[in-house]
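Peer 1: Before we start, here is the structure in question, set down as structure tokens.
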Amino acid sequence: MPLFSIFKQELFEYVINKACRSRNKEHLLFFSFMIKDLKNIVESLLFVAGEPLSIDRFKSIIPKTGARDIKEALSVLGEEYDARKGGFFLRAVAGGYQVRTRPEYTEWVKRLAQNHSSSISRAALETLAIIAYKQPIIRSEIEHIRGVDCGGLLRILIEKKLARVLGRKEIPGRPLIYGTTKEFLEVFDLATLKDLPVPEEIQEKRAPDSDKVPDKNS
């Protein structure tokens, strides 16, 4: 991190602490001036983060800042991005916020990332769909629905961080229980599992290349 950025961060923390301990009008006015940088700080964090940032995560990074201030900063950023109509937008996803490229530019983003294919088989996607809609679920239940062995597919989904082990079911043999991950929500552009499409929506959106995992930057 550049020396100036470190100094600015330390100064920001000092002013906040000073304003909170003192009723001196000058300190409070200076604090008000510094807090205007909150939007830019939030934006900087969004751009360098490799995953969605929750409000609590923002609060842990930016000292003495309330959830309301952070939400207001995010709201202003979202409005600015929408008004600009540029190549990216702010999205609430996987319990946090993330800057994403607009869907209309997905083809160009794919060209940049063409050497890092994230395709998985249709069988793996079917298994993932069963986990997503039926979780928590054990392997025998998945195999009963699909009618074939799913051991290898479950390993692939776990390796790709789309599925995870939630624990063991308290029945004879204590089989592993499976569920989806935060990465699953991020990749499929879902804020929560409640946003999973219903069967009718799936049929409408079905495409020839539906055996590919979406680019989470889109």
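Read in order, the letters of the sequence shown are residues 31 to 248 in the working numbering. In this text, a Cβ means the ideal position worked out from N, Cα and C, and glycines have one as well.
1. I'd like to check one pair, L158 with F118: are the Cβ atoms closer than 9 Å?
2. Can we say the region 72–81 touches the region 101–113, given the rule of at least three CB pairs closer than 8 Å?
3. Can the beta-carbon of T211 be found closer than 9 Å to that of K191?
4. Going along the chain, which residues of its own chain have a beta-carbon closer than 8 Å to the beta-carbon of T222, five neighbours each way excluded?
5. Skipping 5 residues on each side, what residues in its chain have a beta carbon closer than 6 Å to that of Y208?
6. Of all the options L183, R130, V123, E173, which has the alpha carbon lying nearest to the alpha carbon of V250?
7. What is the residue span of the alpha helix (DSSP H) that I91 lies within?
8. To the nearest whole angstrom, what separates the beta carbons of I150 and I186, a pair I think is in contact under 8 Å?
9. Could you tell me which whole beta strand (DSSP E) segments of length 3 or greater appear in the region 133–207?
10. Evaluate L142 with the Cβ neighbour count: other Cβ atoms within 10 Å of its Cβ, from every protein chain shown; 16 or more gives buried, anything less gives exposed.
11. Taking DSSP as the reference, what is the three-state secondary structure of F77?
12. Confirm, please, whether the CB-CB distance from L184 to R204 is below 9 Å.
13. Measuring alpha carbon to alpha carbon, tell me which of G80, L196, K69, A154 ends up nearest G181.
14. Taking the alpha helix (DSSP H) that V106 belongs to, which residues open and close that run?
15. Compute the Euclidean distance between the alpha carbons of P202 and G80, then round it to the nearest angstrom.
16. Given this structure, state the Cα-to-Cα distance separating S240 from K94, to the nearest angstrom.
17. Go ahead and pull the three-state DSSP assignment for L223.
18. Taking Cβ positions, are Q165 and L206 nearer each other than 9 Å?
Peer 2: So, to answer that:
1. no
2. yes
3. yes
4. G125, L215
5. I161, I167, A193
6. Outside the modelled stretch of the chain, which goes from 31 to 248, sits residue 250, for which no answer is possible.
7. 85–91
8. 7 Å
9. 193–198
10. exposed
11. helix
12. no
13. A154
14. 97–114
15. 41 Å
16. In this prediction, S240 scores a pLDDT of 45, lower than 50, which makes its location untrustworthy; no coordinate-derived value is stated.
17. helix
18. no
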